[in-house]
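Enquirer: Sequential numbering of the sequence shown, starting at 0, is according to numbering that gives the first Met the number 0.
Beta carbons are placed, not taken as given, at the ideal position from N, Cα and C, and that holds for glycine.
Provided herewith is a single structure, encoded as structure tokens, for subsequent inquiry.
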Amino acid sequence: MDRVIFLLLCLSAGTILSTVRGEDPYLFFTWNVTYGTIAPLGVPQQGILINGQFPGPNINSTGNNNILVNVFNNLDEPLLFTWFGMQHRKNSWQDGTLGTGCPIPPGQNYTYHFQPKDQIGSYFYYPSTAIHRAAGGFGGLRVNSRLLIPVPYADPEDDYTVLIGDWYTKSHTTLKKFLDSGRSIGRPAGVLINGKNAKGDGTDEPLFTMKPGKTYKYRICNVGLKDSLNFRIQGHPMKLVEMEGSHTVQNTYDSLDVHVGHCFSVLVTADKDPKDYYMVASTRFTKTILTGKGIIRYTNSKGPASSEIPEAPVGWAWSLNQFRSFRWNLTASAARPNPQGSYKYGQINITRTIKLVNSANRADGKLRYALNGVSHIDGETPLKLAEYFGLADKVFKYDIISDNPPTSLDKITVAPNVVNVTFRNFIEIIFENPEKSIQSYNLDGYSFFAVAIEPGTWTPEKRKNYNLLDAVSRHTVQVYPKSWAAIMLTFDNAGMWNLRSEITENRYLGQQLYFSVLSAERSLRDEYNIPENQLLCGIVKGLPKPQPYAGA
Numbered sequence: 000m001d002r003v004i005f006l007l008l009c010l011s012a013g014t015i016l017s018t019v020r021g022e023d024p025y026l027f028f029t030w031n032v033t034y035g036t037i038a039p040l041g042v043p044q045q046g047i048l049i050n051g052q053f054p055g056p057n058i059n060s061t062g063n064n065n066i067l068v069n070v071f072n073n074l075d076e077p078l079l080f081t082w083f084g085m086q087h088r089k090n091s092w093q094d095g096t097l098g099t100g101c102p103i104p105p106g107q108n109y110t111y112h113f114q115p116k117d118q119i120g121s122y123f124y125y126p127s128t129a130i131h132r133a134a135g136g137f138g139g140l141r142v143n144s145r146l147l148i149p150v151p152y153a154d155p156e157d158d159y160t161v162l163i164g165d166w167y168t169k170s171h172t173t174l175k176k177f178l179d180s181g182r183s184i185g186r187p188a189g190v191l192i193n194g195k196n197a198k199g200d201g202t203d204e205p206l207f208t209m210k211p212g213k214t215y216k217y218r219i220c221n222v223g224l225k226d227s228l229n230f231r232i233q234g235h236p237m238k239l240v241e242m243e244g245s246h247t248v249q250n251t252y253d254s255l256d257v258h259v260g261h262c263f264s265v266l267v268t269a270d271k272d273p274k275d276y277y278m279v280a281s282t283r284f285t286k287t288i289l290t291g292k293g294i295i296r297y298t299n300s301k302g303p304a305s306s307e308i309p310e311a312p313v314g315w316a317w318s319l320n321q322f323r324s325f326r327w328n329l330t331a332s333a334a335r336p337n338p339q340g341s342y343k344y345g346q347i348n349i350t351r352t353i354k355l356v357n358s359a360n361r362a363d364g365k366l367r368y369a370l371n372g373v374s375h376i377d378g379e380t381p382l383k384l385a386e387y388f389g390l391a392d393k394v395f396k397y398d399i400i401s402d403n404p405p406t407s408l409d410k411i412t413v414a415p416n417v418v419n420v421t422f423r424n425f426i427e428i429i430f431e432n433p434e435k436s437i438q439s440y441n442l443d444g445y446s447f448f449a450v451a452i453e454p455g456t457w458t459p460e461k462r463k464n465y466n467l468l469d470a471v472s473r474h475t476v477q478v479y480p481k482s483w484a485a486i487m488l489t490f491d492n493a494g495m496w497n498l499r500s501e502i503t504e505n506r507y508l509g510q511q512l513y514f515s516v517l518s519a520e521r522s523l524r525d526e527y528n529i530p531e532n533q534l535l536c537g538i539v540k541g542l543p544k545p546q547p548y549a550g551a
């Protein structure tokens, strides 16, 4: 009861403040994060619940809303949440990674405050500490367009979040022990859709319902640990309308490859026979195909779903061709999802090219993953805090990797990996993947233009194949085996930003780095001050906070 009263007071105070100050609306959430027993694949295991829910509750917001999430950590381990896809303009303090902030200790709480400034789209959140994502703690995060800004399609009858992902029946602590001992976590046990897998024996309750003749929006995100998934709905084509914050050209697909960390929004019309239908998510590029199913039910359903599951495509070449079909909708109204940089990105001169090659090897007898031969490791002091307090030299060294990989990647250096980039420079980043498995990368704090993915190795001559007109502005990109991908962006969001593999095993064992984007003016125009409630740890614990930045 006390917590309910506290929340009502906060809501009332937030409404008054936003009215008096003319601020954007405030949304308040209180999360109690606990362990609980779950059995999504029929095997009882320890899960991470938010307010008793697995998956966690959806955050339903509108562009420019102020979102406050008060997280009470009732686990027995430190905890952080990252708000995947949020650009956190001038505010890497809220990014929720071990390089930017201290984790919430067991038995304590912390309030995140972030604003999806000029953003729309489909996103999700998840715990970024240890291998907690393998136990749950993830949920959907949607940002609706403001009422004054039209979207390029009619309002759907309803809006559904679909979280798909591979799943392990081993506990997150067991998986972490595997990695810490130098072993891989191996293959998953199955695939889940919103934390479930339909049995197909007639007892399954529907995940979603549809009225005949109505059109629905499905927001599909791959929240898994390792595997790319192909998503399809029996007998129902999907019209793609949005991808990671960008309105897209509205092509229609029978199925979509959704790589780890990627999100799509599609429109589906209930114009088939009135019955049940399966939505299906199955692993891609794996020897053994794992499949997850969920029921969609017409409100006037007269029968069960057919047992004939539509087959997924074969091979990564099909997936590559699908990527090439994705185009940015240049006629859609704002908010544009890429406030940093120019929309005419193809006409901007590249000031720097960074080529990153991933590798796997052993360091001190244990498996590590690396970028350009450096395997990132997190220390007790977050990089952002060390830099802000003027103690960076005691925690890490800048630029221990070069803009090009070394000739040989046989040796791996284990150290904090921080790359210094010049504020507001326009940069090209090349991801080259010589391995046999697919990669998926995310860059926090930014949207970037994914201008090309091609087989082979990258050379400057490959720029002639770039899409320099309508590449989708997004925050993740996949890199197929023995292939490369190119992205372009302006680094005009000051802060410390994490570039990482979304393959959890790779990320945990070092396949990530941080970009330090410093504004020389140290002004609130470019970056927010450290939050008053910021947790301090490591060598900055107990130190007085530096002089705050001046106003714009």
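Beta-carbon within less than 8 Å of residue 59's beta-carbon, same chain only, minus the 5 sequence neighbours each way: which residues are those?
Expert: Excluding positions up to five away in sequence, the list reads 141, 143.
Enquirer: Consider the C-beta atom of residue 433 and the heavy atoms of the ligand NAD; say whether any pair is separated by less than 7 Å.
Expert: Questions concerning the ligand NAD fall outside what the structure shown contains, since it holds no ligand whatsoever.
Enquirer: Using only the alpha-carbon positions, how far apart do residue 259 and residue 408 sit?
Expert: Going by the C-alpha atoms only, they are around 25 Å apart.
Enquirer: Along the chain, which unbroken stretches of the beta strand (DSSP E) at least 3 residues long are found entirely within the segment 353-433?
Expert: You should have 365-370, 417-421, 425-432.
Enquirer: Buried or exposed: where does residue 441 fall if 16 or more other Cβ atoms within 10 Å of its Cβ makes it buried?
Expert: The residue is buried, with at least 16 neighbouring Cβ atoms inside 10 Å.
Enquirer: Within the chosen definition, does the segment 523-532 reach the segment 84-104 through at least 3 CB pairs nearer than 8 Å?
Expert: Yes, since at least three Cβ pairs between the segment 523-532 and the segment 84-104 fall closer than 8 Å, the two stretches touch.
Enquirer: In angstroms with no decimal places, state the Cα-to-Cα distance between residue 461 and residue 162.
Expert: Going by the C-alpha atoms only, they are around 35 Å apart.
Enquirer: Which two residues bound the contiguous alpha helix (DSSP H) that contains residue 507?
Expert: From DSSP, the alpha helix (DSSP H) with residue 507 extends over 503-507.
Enquirer: In whole angstroms, what separates the C-alpha of residue 157 from that of residue 177?
Expert: In a straight line, the C-alpha of residue 157 is about 42 Å away from that of residue 177.
Enquirer: Please determine, among 480, 236, 292, 425, the residue with the shortest C-alpha to C-alpha distance to residue 308.
Expert: Ranking the options by Cα distance to residue 308, first place goes to 292.
Enquirer: Pick helix, strand or coil for residue 111, following the three-state DSSP scheme.
Expert: If DSSP states are grouped into helix, strand and coil, residue 111 belongs with the strands.
Enquirer: Is the beta carbon of residue 271 sitting closer than 8 Å to the one on residue 223?
Expert: Not closer than 8 Å, so no.
Enquirer: Residue 237: which of 266, 209, 247, 210 sits nearest, CA to CA?
Expert: For the residues 266, 209, 247, 210, the minimum Cα distance to residue 237 belongs to 266.
Enquirer: Hey, out of 257, 502, 512, 493, whose CA is closest to residue 242's CA?
Expert: Ranking 257, 502, 512, 493 by Cα distance to residue 242 puts 257 first.
Enquirer: Between the C-alpha atoms of residue 362 and residue 410, what's the straight-line distance to the nearest angstrom?
Expert: Rounded to the nearest angstrom, the two C-alpha atoms are 8 Å apart.
Enquirer: Does DSSP put residue 174 in a helix, a strand or coil?
Expert: Three-state DSSP puts residue 174 in a helix.
Enquirer: Quick one: grab the DSSP three-state call for residue 338.
Expert: With a pLDDT of 43 at residue 338, under the threshold of 50, the modelled position of that residue is not reliable, and the figure given next carries that caveat. Three-state DSSP puts residue 338 in coil, outside helix and strand.
Enquirer: Let me confirm a value: residue 397 is counted as buried when at least 16 other C-beta atoms fall within 10 Å, else exposed. Which label applies?
Expert: Classification for residue 397: exposed.
Enquirer: Residue 129 and residue 175: beta carbons closer than 8 Å?
Expert: Yes; because the gap between Cβ atoms is below 8 Å, this pair is in contact.
Enquirer: Please work out which residues of its chain come closer than 8 Å, Cβ to Cβ, to residue 379, disregarding the five sequence neighbours upstream and downstream, and give them in chain order.
Expert: Taken in chain order, the residues that qualify are 536, 537, 538.
Enquirer: Going by DSSP, what residue range makes up the alpha helix (DSSP H) through residue 462?
Expert: No alpha helix (DSSP H) holds residue 462; DSSP gives it neither H nor E.
Enquirer: Out of 68, 62, 42, 47, which has the shortest C-alpha to C-alpha gap to residue 27?
Expert: It is 68.
Enquirer: For residue 450 and residue 486, which I take to be in contact (beta-carbon distance under 8 Å), what is that distance rounded to the nearest angstrom?
Expert: With 8 Å as the limit, residue 450 and residue 486 qualify as a contact, their Cβ atoms being about 7 Å apart.
Enquirer: Determine the closest residue to residue 208 out of 332, 253, 29, 160, with distance taken between C-alpha atoms.
Expert: Nearest of 332, 253, 29, 160 to residue 208, Cα basis: 160.
Enquirer: Thinking just about the alpha-carbon of each residue, which of 368, 366, 347, 418 is nearest to the one in residue 382?
Expert: Nearest of 368, 366, 347, 418 to residue 382, Cα basis: 418.
Enquirer: Using DSSP with H/G/I as helix, E/B as strand and the rest coil, what is residue 323?
Expert: Looking at residue 323 - three-state DSSP - the assignment turns out to be helix.
Enquirer: For a test of the three-state rule: what should DSSP assign to residue 313, helix, strand or coil?
Expert: Three-state result, residue 313: coil.
Enquirer: DSSP state of residue 531, grouped into three classes?
Expert: Coil, per DSSP.
Enquirer: Residues in the same chain with beta-carbon distance under 7 Å from residue 388, minus the five sequence neighbours each way, listed in chain order, please.
Expert: Excluding residues within five positions, the ones whose Cβ falls inside 7 Å are 539, 542, 545.
Enquirer: Specify the secondary structure class of residue 20 as computed by DSSP and reduced to three states.
Expert: At residue 20 the pLDDT is 49, less than 50, meaning the model places this residue with poor confidence and gives no usable figure here.
Enquirer: Please confirm whether residue 78 and residue 103 have their CB atoms less than 8 Å apart.
Expert: In contact: residue 78 and residue 103 (Cβ atoms closer than 8 Å).
Enquirer: Closest to residue 137 by C-alpha separation, out of 364, 304, 247, 54, would be which residue?
Expert: Checked all of 364, 304, 247, 54; the closest Cα to residue 137 is 54.
Enquirer: Round the Cβ separation of residue 111 and residue 80 to the nearest angstrom and send it over; I've been treating them as touching at under 8 Å.
Expert: Indeed they touch by this definition, with Cβ atoms about 7 Å apart.
Enquirer: In the structure shown, what three-state DSSP assignment does residue 254 receive?
Expert: Strand at residue 254.
Enquirer: Please go through the segment 69-129 and give each complete alpha helix (DSSP H) segment of 4 or more residues, from N-terminal end onward.
Expert: With a minimum length of 4 residues, no continuous alpha helix (DSSP H) run stays inside the segment 69-129.
Enquirer: Would you call the segment 200-216 and the segment 176-190 in contact, with 3 or more CB pairs under 8 Å?
Expert: The segment 200-216 vs the segment 176-190: no contact.
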